[in-house]
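Peer 1: Here you go, one structure.
2 protein chains.
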Amino acid sequence: MRKRVFMFNEGGADQRSLLGGKGANLAEMTRLGLPVPPGFTVSTEACIDYYEAGREVEETLVEEIFTRLSDLEAAMDRRFGDPKEPLLVSVRSGAAVSMPGMMDTILNLGLNDETAKGLAEATQDPRFAYDCYRRLIQIFANVVMGLPIGVFEDVLDKHKEKAGVSVDSALGPDVLMEVVAEFKELVRRLAKREFPQDVREQLLLAVEAVFSSWYNNRAAVYRRIHRIAEDLGTAVNVQAMVFGNMGNDSATGVLFTRDPSSGVAAVLGEYLVNAQGEDVVAGLRTPRPIVEMADELPEAYQQLLETAQELEHHYRDMQDIEFTIERRKLFILQTRTGKRTAQAAVRIAYDLVTEGIISAEEAVGRIEPEQVEKMLHRTIDPGAEVEVLAQGLPASPGAATGVVVFDANEAERRGEAGEKVILVRPETAPDDMHGIVQAQGILTSRGGMTCHAAIVARGMGKPAVVGCDELRIDLGKKQAYARGKRLDEGEVITLDGASGKVMRGQVPLVEPDLGGEFQQVLSWGDQMRRLGVRANADTPADAALARKLGAEGIGLCRTEHMFMASDRLPAMQAMILAETEEERKAALERLLPMQKEDFKGILRAMAGYPVTIRLLDPPLHEFLPRIEELVVALGRARDDDLGASDIEEKEELLRKARALSESNPMLGFRGCRLGIVYPEMYAMQARAIFEATAELIKEGQEDIMPEIMIPLVGHAKELAVLEKVVRATAEEVKEEVGLDFPCVVGTMIEVPRSALTADEVAEHAEFFSFGTNDLTQMTFGYSRDDAEAKFLHHYLQEKVLPENPFAVLDEDGVGKLVKMAVNLGRKTRPSLKIGICGEHGGDPASIAFFHRCELDYVSCSPYRVPVARLAAARAQLAG
Amino acid sequence: MRKRVFMFNEGGADQRSLLGGKGANLAEMTRLGLPVPPGFTVSTEACIDYYEAGREVEETLVEEIFTRLSDLEAAMDRRFGDPKEPLLVSVRSGAAVSMPGMMDTILNLGLNDETAKGLAEATQDPRFAYDCYRRLIQIFANVVMGLPIGVFEDVLDKHKEKAGVSVDSALGPDVLMEVVAEFKELVRRLAKREFPQDVREQLLLAVEAVFSSWYNNRAAVYRRIHRIAEDLGTAVNVQAMVFGNMGNDSATGVLFTRDPSSGVAAVLGEYLVNAQGEDVVAGLRTPRPIVEMADELPEAYQQLLETAQELEHHYRDMQDIEFTIERRKLFILQTRTGKRTAQAAVRIAYDLVTEGIISAEEAVGRIEPEQVEKMLHRTIDPGAEVEVLAQGLPASPGAATGVVVFDANEAERRGEAGEKVILVRPETAPDDMHGIVQAQGILTSRGGMTCHAAIVARGMGKPAVVGCDELRIDLGKKQAYARGKRLDEGEVITLDGASGKVMRGQVPLVEPDLGGEFQQVLSWGDQMRRLGVRANADTPADAALARKLGAEGIGLCRTEHMFMASDRLPAMQAMILAETEEERKAALERLLPMQKEDFKGILRAMAGYPVTIRLLDPPLHEFLPRIEELVVALGRARDDDLGASDIEEKEELLRKARALSESNPMLGFRGCRLGIVYPEMYAMQARAIFEATAELIKEGQEDIMPEIMIPLVGHAKELAVLEKVVRATAEEVKEEVGLDFPCVVGTMIEVPRSALTADEVAEHAEFFSFGTNDLTQMTFGYSRDDAEAKFLHHYLQEKVLPENPFAVLDEDGVGKLVKMAVNLGRKTRPSLKIGICGEHGGDPASIAFFHRCELDYVSCSPYRVPVARLAAARAQLAG
């Protein structure tokens, strides 16, 4: 028979998965000789067995628990249920991964009518004994029997009022005995059963309650959010009670070995005299700062500081310690690695390295990449009073304040005039870009984490809250409504893109602090990682920002935004409306110098680093007004009897927009398909890139490294045709300008077929860049724009899918294509450079996968670059 | 040095790729001792070398040709260019695959001013000699020098007029000498060079002209249509001339050993006395039926019949023979396997088997699957006079006559009243189904070979012409225009779905004849094939038809059409509009009995065979009116001030239609995603299937074999969830009806991810059925509805893609996924049954691929079943 219950002195820190984090720690502390009350741990395997047996505690486990209980009785020289001097125990849950939301601690287990009396006699303190007893009934009734806590508090309040006292501890023993009687009656009436007088039944019920809490709602939610597996199970720790409520020389408290908020290397904590643990947690009494203990309980305080130091050195990280002082004697109940803010995580890691306690590798390994991103953005002042108007999805981190504007043109107008605006729309589309550029933040009532607004905002590092479906927007009236309140255009609101909150008025914000520790930790990481990190950037400003944040090049420079600017759109539309190749070429001639200037700006900002420029990708209809708008405009033009040429022009636009409309634009006429049908368009873009390169070289810039990327290739022949167009253009320009420059041509791998035939594709590509957004759409058959609202939300809720595949790369499916493409591509061309430029390029879990796939680099939005740098380093450390 | 020129007696029939078909045949006939004029063949390798050398005839080849020419001179005991008794030769092209459109034959090569005179003297027949000479100049000028043929005919006509004669052969030698002089002058003037007097130069130029013709336009088009590789090259046959124009005891002609039109086992052919080959081809004189030769040239005729018999036995197939009789002596110039109609192909193959000449395997191998389909449909009487109104794409074979109707409702009304109608629409959509059902044929002005109308029509075996873009339809006026003519509603037209022609009026049609030979050949094939053949059928009528055409089950029974019927749509819409699960269940309750009757009908018609039923697949908005229609209807209801409840109902429909609308419906909320979000919907369908099964069993039907197919699965978990729903329903029904029946659950593999993770998917699937339409859409990232018009047409024209991947399965990309899914699926579940039910299931090339992938069956529309049976047999024979 496998052993499933272990005394604390039988285990150690390395048995987290078997004993849970708390159990392993208690065992480790016991092993270190620290003052830990003795006890035993029921293993996680026992919990798993419990579920496998159909939620039944097996008889063999019961026997094992009672055997260990005998050992504990021997160690404490007391007997559980002894009517004279009873042993009391606490029961705590403890999974392998620290997980709030599981069952609360039960203290004082082992008290019943008889033992309570015994305890009163043994301690000569009936107030203490009956206070313990009423606490046990209260917490047991709540946690094990599921009764509401309030009804017990009501009884207590009634008695306090009657006795004319304000704190629990002021109630005398007689009153407390009355309270106990009333509590037991309450249990009988509400739970239809007695509070168990059999102390062994108490223990078994408590153990089972811990097991059950593994599947309670809060725990399940926590696991889902933190991606903790469902089948780990939890351990149960049964520990001899010590009492912080044995008078004014007793206390209980918590201590952090360093400040968990700032990371400053000084202890922080609080304690309560004459109290038990749940008094601290419940917040019924206000605890006092730990430093005050130096005066009140100086010896215990000194011992606590020394123990804290010892624990931090032993565990080599900041500790969160729970302690109790029973009649001046210190007991450590628990220690664990303390949770901390992003700032503190960096500061502590940095300090521990400089203090020689941990290595730089460990420091890097301890900072969660997501914490890093939080540090890059402004945040809501935690002390601020806020009026929350609505709650949406936290689509792009950071906080922003501005006046509400419901229209992109208005946002542009006000923004250019220097006003700070928040663009509020049902959803955004590419033709809102000019407004988004000028806005401080974006708020939409529709869309998911990967809608247009979310992606664009993240790319620009602007705060965004999307899918805020309690917000009803009336574009006509320029008003929005939420929670029964109205919001007018021009009113000031504040968005918190990290929490999804929409607040009224100007809320105080905290500026990000990217101190020297932050830079140092990141640069330690840079030395460790193999995976390169580039940024997705379309403008010189973004490119400069990306450099500042540590990007080693641009992995995706989109060229379509360049055509959206109001001075270029007419030329672009003329190109689209062209009926002949000549007309098209004439329109392209007008675009050429503008494109060239765009490219010069970006290439100059990234001199010395590669810049991967993707040729035109979106369907052409995105450059035309929407059909509905055209219909309206045309109707108005006719009503107003405008000139025939004006009406004709509008008719022509409408005709073309209709001709270009598609039932599935995602799978339509875009990407290299445009380049194949209109090679002159790609030739113009290639020419703009090469002329820009040549001019920069002539200006004396060195290492100008453009890389031309062909999008949406599905068949090697497409790339073969377009590679020829690009290379021929390069030769022409070289001839014209009389100097040589590099011409690097590669392709996106974003169509499943190109991954499947990557060996053929690689014959024409010097590099691959995975477009994992589209690759995910096509591999799953999900339209990102539609899926989230229509069924993906449901899928995630019902766990049909473990993750949102647009946020975390689907390794089993999409990942298989990535691996195939890497292997096939390198088989054909061992020197093939391979990167990824989809949304997943900034996701730490996905980055770890790309590292394992031996990609050369990831590319993400500038604000994700530090995250990716750290994630890449951690991926390398993970091996 | 590799030998590149071969005497006829050096080769044989097995050297087609080296000597070309014609050369190998001439060698083979020489080997058999048949009366073949001697000669030699310049190999296809020499042609390839010619192109590799940049269209240059290498000096070494010239030497080899002249060496063989010496051998030929020796064999004939005449010298090429001999002014006394010159050797003349013919030059013919001959590729490995018979290919019309290549260079014409050049006869009488070797004549010049001097040898013509010599020939006149040697034969004592100057008329003959100068007739040969003028023919040579004429054909050489046209074929080698590229001059138009007409100018020479004009000269000839002028002289015939002057001489007052009507046929060429009536012109005397003096006139012909004048003609020769004028011809040479014409060449000088038009080609700016002399007709070459050097006979060796004539020969080399002719050889080069044959090589060049490999890349001429007609040949290239033919290769593209017939999928012949570009790099095979052509051989050149140089053969000693014999003369069918040496007087009235000479002749030339062609003979088929069997009737190429009907297949009847009797020779058919025609001949011309005193003529050369091109007289027959050119149609300048009307040839006479071959049987008349029995009287005119009895000995030669007898010898011809015997030789024909010998050749047919030797080549074991119907032969198309060219012969010449020179002064009563028979020469065979060429024999090849004769082209034939579909009917003849079947009849001949059948007869050859019964005559013991070929095996059943060979018979099956000789019938092209596409020929079989043609036999299943009515065709246009070849003798009919027709007025072609327009030309579209031949989307679904067969011919149909009816009155033009521009609206599905009108089509339904007239059709139900017994009128024959042709539904004419810009394009069709699922809500036109009721009209399509009642129509004889479909004509659309938009769409490609795989548009909705095309697929539906092929599925129903109805003729369809689609993408007829010269047809302009004015739905408002109920008129259409094409080629400047108008077509009104109610006018009679005839469609030919095999050619894409639209004709005015009632054109006589020929009924299909599926005679005993046809059935016999197909059943021989059935015994050979390993691959099963099922049909896609949604109605009992289709199921019965499928059985008649040899289907061994239904591979795809769609359930969505069942909801489109006008008596069911309201219940379906109520289900969609339901706000709660209860409302939805109530609506489903109404649909249940109707669904059950549908399934009973189909399962009864297919008793003894499996019926794979796909649960609801299309997006729900397909069951609602289109948004534009709703907007119009709502506006009208408001204008007309209809009752509030009516307006409300319309508003509700519009709201829901808007909520269900998607930017990419192809990748949207459909298939099993519906089943996951609304499990009660799939449960209702499963219940209808199982109740139908139980009732049929109770009625005494045996072997009712429904198989439930879950569409659009992309993740194993989806199938796991829905398998559970279906199996639980089966258990419920078994309990209720008190009897057992099979419950088989499987899935479509149509999302790339399900192919990539087929090992996991197979854990929950008893069968896979590849949905290659969607799989192709997602693997290529092509929206079938958009791609054809927007870029696919261009891709095929420019050869960016070798084939339309929606017609012929893309083996390199999509096929790779198919192979992966087969391997992974069978690894998990060796008993996994695997089929395919996309459009490719009826395409012979794709069927061969599926055979090689070791699929268990293909499923296609009923009318493709015989095609698939034959293709499957041929795939097996191909090994």
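Chains as they are written, first to last, in my numbering: chain A, 1 to 879; chain B, 1001 to 1879. Think of the CB as a built atom: it goes at the ideal place given N, C-alpha and C, for glycine as much as any other residue.
Under 8 Å between beta-carbons, which chain E residues line up against residue 1409 of chain B? List them in chain order, please.
Peer 2: In the structure shown, chain E cannot be found, because the protein chains are A and B.
Peer 1: Closest by CA to residue 672 of chain A, which one among A:616, A:651, A:632?
Peer 2: Of A:616, A:651, A:632, the residue nearest in Cα terms is A:616.
Peer 1: For chain A, is any of its Cβ atoms less than 8 Å away from the one on residue 1817 of chain B?
Peer 2: Yes, residue 1817 of chain B counts as interfacial toward chain A.
Peer 1: Answer with yes or no whether the minimum CB distance from residue 840 of chain A to chain B is below 8 Å.
Peer 2: So no, residue 840 of chain A is outside the interface.
Peer 1: Residues of chain A with CB under 8 Å from residue 1794 of chain B, in chain order?
Peer 2: Residues of chain A passing the Cβ test: 676, 677.
Peer 1: Output, in chain order, the set of chain A residues within a Cβ distance shorter than 7 Å of residue 1781 of chain B.
Peer 2: Residues of chain A passing the Cβ test: 667, 712, 714, 751, 778.
Peer 1: Can you list the residues of chain A that residue 1813 of chain B reaches, using a CB-CB cut of under 7 Å?
Peer 2: Those are 753, 756, 757, listed as they occur along chain A.
Peer 1: Say whether the region 1512 to 1531 of chain B touches the region 1359 to 1371 of chain B, bearing in mind that this needs 3 or more beta-carbon pairs closer than 8 Å, one atom from each stretch.
Peer 2: Enough Cβ pairs lie closer than 8 Å, so yes.
Peer 1: Compare the C-beta of residue 1739 of chain B against all C-beta atoms of chain A and say whether one is closer than 8 Å.
Peer 2: So no, residue 1739 of chain B is outside the interface.
Peer 1: Straight-line CA distance for residue 1184 of chain B to residue 1122 of chain B?
Peer 2: The straight-line gap from Cα to Cα measures roughly 23 Å.
Peer 1: To be precise: take each residue of the region 46 to 64 of chain A, compare its Cβ to all Cβ atoms of chain B, and keep it if any distance is under 9 Å. Which residues remain?
Peer 2: Going along the region 46 to 64 of chain A in chain order, one finds no residue with a Cβ nearer than 9 Å to chain B.
Peer 1: Kindly indicate which three-state DSSP category residue 25 of chain A falls into: helix, strand or coil?
Peer 2: Three-state DSSP puts residue 25 of chain A in a helix.
Peer 1: Which complete beta strand (DSSP E) runs does the region 299 to 325 of chain A hold, if anything under 3 residues is left out?
Peer 2: Counting whole runs of 3 or more residues, the region 299 to 325 of chain A contains no beta strand (DSSP E) stretch at all.
Peer 1: Once the 5 residues before and after residue 1496 of chain B are set aside, which same chain residues still bring their CB inside 6 Å of it?
Peer 2: Closer than 6 Å at Cβ, skipping near neighbours: 1380, 1399.
Peer 1: Tell me residue 94 of chain A's beta-bridge partners as DSSP assigns them.
Peer 2: Answer by DSSP bridge pairing, in chain order: A:235.
Peer 1: State whether the region 1012 to 1028 of chain B contacts the region 860 to 879 of chain A, with contact taken as three or more CB pairs (one from each stretch) at a distance under 8 Å.
Peer 2: No, the region 1012 to 1028 of chain B is not in contact with the region 860 to 879 of chain A.
Peer 1: What does residue 1791 of chain B reach in chain A if we use C-beta pairs closer than 9 Å?
Peer 2: Ordered by position in chain A, the residues that pass the 9 Å Cβ test against residue 1791 of chain B are 668, 669, 673, 674, 676, 677.
Peer 1: What distance in whole Å lies between the Cβ atoms of residue 1853 of chain B and residue 1822 of chain B, which are believed to be in contact at a cut-off of 8 Å?
Peer 2: 5 Å between Cβ atoms; contact.
Peer 1: Extract the residue ranges of the alpha helix (DSSP H) inside the region 1120 to 1188 of chain B, only unbroken runs of 4 or more that lie entirely within it.
Peer 2: As far as the region 1120 to 1188 of chain B is concerned, its whole alpha helix (DSSP H) runs of at least 4 residues are 1126 to 1143, 1150 to 1163.
Peer 1: What in chain A is Cβ-close to residue 1801 of chain B, meaning under 8 Å?
Peer 2: Those are 715, 717, listed as they occur along chain A.
Peer 1: Do residue 1093 of chain B and residue 1107 of chain B count as a contact pair if the criterion is CB distance below 8 Å?
Peer 2: Going by C-beta atoms, residue 1107 of chain B is not nearer than 8 Å to residue 1093 of chain B.
Peer 1: Would the region 1139 to 1151 of chain B count as touching the region 1171 to 1190 of chain B if we require 3 or more Cβ pairs under 8 Å?
Peer 2: Judged by Cβ distances under 8 Å, the region 1139 to 1151 of chain B makes contact with the region 1171 to 1190 of chain B, as three or more pairs qualify.
Peer 1: For a contact meaning CB atoms closer than 9 Å, what does residue 721 of chain A contact in chain B?
Peer 2: Neighbours of residue 721 of chain A on chain B, chain order: 1798, 1800.
Peer 1: Taking only beta-carbon atoms, is residue 1804 of chain B less than 8 Å away from chain A?
Peer 2: Chain A contact via Cβ: absent.
Peer 1: Just the C-alpha distance for residue 295 of chain A and residue 249 of chain A, rounded to the nearest angstrom, thanks.
Peer 2: Distance between the alpha carbons of residue 295 of chain A and residue 249 of chain A: 12 Å.
Peer 1: Looking only at its chain, what residues have a beta carbon closer than 7 Å to the beta carbon of residue 1666 of chain B, apart from the 5 residues adjacent to it on each side?
Peer 2: Counting only Cβ-Cβ distances below 7 Å, and skipping sequence neighbours, we find 1777, 1783.
Peer 1: On the DSSP letters alone, give me the boundaries of the alpha helix (DSSP H) that residue 1772 of chain B sits inside.
Peer 2: First-last of the alpha helix (DSSP H) with residue 1772 of chain B: 1772 to 1780.
Peer 1: Which full runs of the alpha helix (DSSP H) of 4+ residues lie inside the region 1450 to 1502 of chain B, going along the chain?
Peer 2: As far as the region 1450 to 1502 of chain B is concerned, its whole alpha helix (DSSP H) runs of at least 4 residues are 1452 to 1460.
Peer 1: Taking C-alpha atoms, which residue in B:1239, B:1262, B:1427 lies nearest to residue 1075 of chain B?
Peer 2: Nearest C-alpha to residue 1075 of chain B: B:1239.
Peer 1: For residue 1689 of chain B, which option in B:1426, B:1805, B:1454, B:1595 has the closest C-alpha, if you only look at C-alpha atoms?
Peer 2: Out of B:1426, B:1805, B:1454, B:1595, B:1595 has the C-alpha closest to the C-alpha of residue 1689 of chain B.
Peer 1: Looking only at its chain, what residues have a beta carbon closer than 7 Å to the beta carbon of residue 1552 of chain B, apart from the 5 residues adjacent to it on each side?
Peer 2: Only 1532, 1533, 1534, 1609 meet the Cβ criterion.
Peer 1: Applying the criterion that 16 or more other CB atoms from any shown protein chain within 10 Å of the CB defines a buried residue, is residue 797 of chain A buried or exposed?
Peer 2: By the 10 Å Cβ count, residue 797 of chain A comes out exposed.
Peer 1: If I measure Cβ to Cβ from residue 1448 of chain B and keep anything under 6 Å in the same chain, skipping five residues before and after, which residues do I get?
Peer 2: So the qualifying residues of the chain are 1467, 1788.
Peer 1: Measuring CB to CB, does residue 375 of chain A end up less than 8 Å from residue 342 of chain A?
Peer 2: Cβ atoms of residue 375 of chain A and residue 342 of chain A: closer than 8 Å.
Peer 1: Quick one: list the residues of chain B neighbouring residue 362 of chain A, beta-carbon separation under 7 Å, in chain order.
Peer 2: In chain order: nothing, as chain B lies at least about 37 Å away.
Peer 1: Going by C-alpha to C-alpha distance, which of A:559, A:801, A:627 sits closest to residue 598 of chain A?
Peer 2: Of the candidates A:559, A:801, A:627, the one whose C-alpha sits nearest the C-alpha of residue 598 of chain A is A:559.
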